[in-house]
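In the numbering used here, the protein residues as written are 418 to 486. Report on the following structure.
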Amino acid sequence: MKTTTSITEGRLYAGAIPQGAEIIGTVERSFADKGALVRLANGAIVQMNAGAIRSLPEGINAGTFENKL
């Protein structure tokens with residue numbers, strides 16, 4: 418899995434985001450599976466595509482991205 422800090426590109430994938438959430442970049446699971454990397458108000462990091470929220474693989478959490486973002 419690859420992540421970036423491109424907020425502009427992340428906006429293209431996310432669509433409308435929940436109140437209190439912020440786009441922090443993009444995530445690419447595979448060539449055909451790329452979306453916005455979003456931190457929800459509760460601190461959870463998720464993938465969003467066109468308003469749909471998907472969890473990231475187990476073991477991926479806010480602490481994983483603190484040093485990278």
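We put the beta carbon where it would ideally sit given N, CA and C, even for glycine. Values in this document were obtained by computation on a predicted structure and should not be read as measured data.
What does the Cβ neighbour count give for residue i, buried or exposed, with the cut at 16 atoms within 10 Å?
i, result
"GLY437", "exposed"
"ALA467", "exposed"
"ALA458", "exposed"
"ALA453", "buried"
"THR443", "buried"
"GLY427", "buried"
"MET465", "buried"
Name the DSSP beta bridge partners of residue i, please?
i, result
"GLY452", "VAL444"
On the three-state DSSP scale, how would you describe residue i?
i, result
"ALA431", "helix"
"GLU426", "helix"
"GLU439", "strand"
Terminal residues of the continuous beta strand (DSSP E) containing residue i?
i, result
"GLN464", "462-466"
"SER469", "First, the amino acid is wrong: residue 469 is Ala here, not Ser. Looking at the DSSP string, the run of the beta strand (DSSP E) that includes ALA469 is 469-472."
Under 6 angstroms Cβ to Cβ from residue i, same chain only, skipping five residues before and after it: list those, please.
i, result
"GLY432", "ALA467 and GLY468"
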